[in-house]
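Chains as they are written, first to last, in the working numbering: chain V, 693 to 960; chain X, 501 to 766.
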Amino acid sequence: MQVDRHLSVSPPGVPLLSIDRVTKTYETRRGEQVLAIGEVTLDLADQEFVSLIGPSGCGKSTLLHIAAGLLKPTRGDVRVRGESRPIHAKEFGMVFQDAVLFPWRTIRENVEMPAEVLGLPKDVYKPRAQELLELVGLAACGAMYPRELSGGMQQRASIARSMIHDPELLLMDEPFGAVDAITRENLNIELQRIRTLARKSVLFVTHSIAEAVFLSNRVVIMSAKPSRVSAVVNIDLPADRGSELMESVELNDLVRRIHRELGGHAHP
Amino acid sequence: MQRENVLEHAFTGALVAGFSIFLVIAWQLVTSWHLLPTYLLPTPAETMQAIWKDLTSVSFWTQQFLQTLLVVIVGFVIAAAAGLIVGPLIISHPLVERTLYPFVVAFQTMPKIAMAPLLLVWLGYGHTSKFLITALVAFFPVVVNAIAGLKAGDERQLILMRSLRASWWTRMTKVRIPNALPYIFAGLDIAVVFAVIGAIVAEFLGSANGLGSLVIVRQTNVDIAGLFSVLFFLAVMGSALHFIIASLGRKFTFWSQSTDAKSARR
Chain V
693 MQVDRHLSVS PPGVPLLSID RVTKTYETRR GEQVLAIGEV TLDLADQEFV SLIGPSGCGK
753 STLLHIAAGL LKPTRGDVRV RGESRPIHAK EFGMVFQDAV LFPWRTIREN VEMPAEVLGL
813 PKDVYKPRAQ ELLELVGLAA CGAMYPRELS GGMQQRASIA RSMIHDPELL LMDEPFGAVD
873 AITRENLNIE LQRIRTLARK SVLFVTHSIA EAVFLSNRVV IMSAKPSRVS AVVNIDLPAD
933 RGSELMESVE LNDLVRRIHR ELGGHAHP
Chain X
501 MQRENVLEHA FTGALVAGFS IFLVIAWQLV TSWHLLPTYL LPTPAETMQA IWKDLTSVSF
561 WTQQFLQTLL VVIVGFVIAA AAGLIVGPLI ISHPLVERTL YPFVVAFQTM PKIAMAPLLL
621 VWLGYGHTSK FLITALVAFF PVVVNAIAGL KAGDERQLIL MRSLRASWWT RMTKVRIPNA
681 LPYIFAGLDI AVVFAVIGAI VAEFLGSANG LGSLVIVRQT NVDIAGLFSV LFFLAVMGSA
741 LHFIIASLGR KFTFWSQSTD AKSARR
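Okay, here's the thing in structure tokens:
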């Protein structure tokens, strides 16, 4: 466990995603310039899980939208595998705080939606949808409609949806922020398992330190607006993480460490 | 669950039937105690006779009922088609919306019925003017609800589509139109009832046939039972049209929690 103060240090090899000195300025209705993101530099390696944590409204979601190519950075550069370009639709999947399923589609049709929009061949995505439903534990729910499922199950469906086109990167914006604490813990264990099996890289926004530590290879702590990276904490926990780890001393040490770094801005 | 539903429906049905019987008895008592003269309020039996006479008269169907129904349906179809084309056009670009929406609001707050005489002057007393008066009255609920519906739905559904770099057409067909359907059907439901009003008013103003003109004829003849009969057939027509639209709505928006609540009714 070490706190890395040399923020430009990146994992070896060409990173999957590089956010290089990115700033974002908003114009308010009165025409004032508001700096949402101070200057953030962040690299995400292949199959790495990086969490962004920080006080509310510190621009974490904005950063995620910039990574997704939905917003342009005011200054700075986003690179995908070393190329300076916005990420392609096929290269990433998105998960929101709520499942954001389409209520007129069955769970299976919801999972298949991105593949349909991207125009993938049916014989590729149909079997894949079945595999993903099994992976997230919804094999029996394919024909059901979203409203027939609990919030936690809907969120599993949206995770399956984010992977239907087999992207390398998942962008998750507080995906478990709206479910109860017990479901959240289960979903954390599930996500850990799923992303290890599916070998995905994840950029994960959260308010929960314990969740960040449990899931991540690195936790990036951001300061309040205008946000900057205030510290990066490497999480040297075994790759294979189960529920027993939630209670471990190592995890709790890291949680306390990050809590101190945040200056008590977040709940552990 | 199923059985409870059946019981609940039976209970509601019994309540409605009971209340109808109560109303007819009250009506009978009002007439037989001469609380109102029968030339103002016919007895239930006289009214039934008038309805039966119309029901069995061929000319009533061909010259009156079906004429009005034709005006209602053609007017409604014009209004629905126009509303469903104009609605998406208005929201196609913020600039278009900002330019055109004030006109929609201005037109909406004006009683469209008042334009009927103008349309008669412009188009004459044929079918065209009746179709257009009906369409004009029925158009606004469709267009306003289509606009509200196309703007409804979770913003993040569109963010997801943007993350997939979906085209305008894909966003429209896969997200915005499905989201709009409950609103559109609520609008069509209001529109079909409005269309009956439009058709009747158009026929009041100048028409040799149709239920609207029949109302005027029977009023002139002080045929109150006959007037009641026309009102009865208008209620039947309105209810039937409402039922058809509502059933279609339930079929296409089964996933929506409450179709009836989703309406920008004005």
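Cβ atoms here follow ideal geometry from the backbone N, Cα and C, with glycine treated the same way.
Rounded to whole angstroms, the separation of the alpha carbons of X/L632 and V/F788 is 48 angstroms. Chain V has a Cβ within less than 7 angstroms of the Cβ of X/A666. Within a 10 Å sphere around the beta-carbon of V/E866 sit 16 or more other beta-carbons, which makes this residue buried. V/W796 counts as buried, since at least 16 other C-beta atoms from the protein chains shown sit within 10 angstroms of its C-beta. Taking C-beta separations shorter than 8 angstroms and ignoring five residues to either side along the sequence, the partners of X/A582 in its chain run A635, F639, V642, V643, following chain order. By the Cβ-count criterion, X/Y625 is exposed, with fewer than 16 other Cβ atoms from all chains shown falling within 10 Å of its own Cβ. If you draw a straight line from the Cα of V/M938 to the Cα of V/Q884, it comes to about 12 angstroms.
The three-state reading of DSSP puts X/Y539 in coil, since its state is none of H, G, I, E or B. Residue pairing by DSSP places V/R767 opposite V/T715 in a beta bridge. Runs of the alpha helix (DSSP H) lying entirely within the region 850-881 of chain V and spanning at least 4 residues: none are present. For X/T556, no beta strand (DSSP E) run applies, since DSSP gives it neither H nor E. Taking all protein chains shown into account, V/T798 has 16 or more neighbouring C-beta atoms within 10 Å of its C-beta and is therefore buried. Residue burial annotation: X/L536 is exposed, with fewer than 16 other C-beta atoms found within 10 angstroms of its C-beta. The three-state secondary structure of X/F732, taken from DSSP, is helix.
Residue-level contact check: V/F788 touches chain X, since one or more beta carbons of chain X fall below 7 angstroms from its beta carbon. Inter-residue distance for X/E597 and X/L748 is about 29 angstroms (C-alpha atoms, whole angstroms). One finds W755, S756 in chain X with Cβ atoms closer than 8 angstroms to the Cβ of V/P795, taken in chain order. Residue range 814-827 is occupied by the alpha helix (DSSP H) that includes V/D815.
Proximity of chain X to V/A760 at the Cβ level (cut-off 9 angstroms) is accounted for by I659, R662, S663, in chain order. Judged by beta-carbon spacing, V/Y817 lies beyond the 7 angstroms limit of V/E826, meaning their Cβ atoms are not closer than that value. A Cβ of chain X is located within less than 7 angstroms of the beta carbon of V/Y837. Exclusion of the five residues before and after V/A904 leaves S743, I745, T898, V911 as the residues of its chain whose Cβ lies within less than 6 angstroms of its Cβ.
The DSSP assignment places 935-938 as complete runs of the alpha helix (DSSP H) inside the region 925-953 of chain V, in order along the chain (cut-off: 4 residues).
DSSP places X/D689 in the helix class (H, G or I) of the three-state scheme. Within the same chain, Cβ atoms closer than 8 angstroms to the Cβ of V/C750 are found at M914, S915, A916, K917, S919, the five residues on either side in sequence being excluded. Residue contact with chain X for V/A791: absent (no Cβ-Cβ distance below 7 angstroms to any residue of chain X).
Residue state for V/V905 is assigned as helix, using DSSP reduced to three classes. As for any alpha helix (DSSP H) of minimum length 4 sitting wholly inside the region 590-678 of chain X, the runs are 594-609, 616-623, 627-650, 655-663, 668-671, ordered along the chain.
Beyond the five residues adjoining it in sequence on each side, X/M737 comes within less than 6 angstroms, by CB distance, of no other residue in the same chain.
By the Cβ-count criterion, V/A835 is exposed, with fewer than 16 other Cβ atoms from all chains shown falling within 10 Å of its own Cβ.
Distances from the alpha-carbon of V/Q739 to those of V/G829, V/G705, V/E877, V/A902 put V/G705 closest.
Under the 7 angstroms criterion on CB atoms, X/P678 is classed as interfacial with respect to chain V. Bounds of the beta strand (DSSP E) holding V/V732 are 725-736. Annotation: the continuous alpha helix (DSSP H) that includes X/G712 extends over 711-720. The beta carbon of V/A781 sits closer than 7 angstroms to some beta carbon of chain X. The secondary-structure analysis by DSSP pairs X/F704 with nothing; it has no beta-bridge partner.
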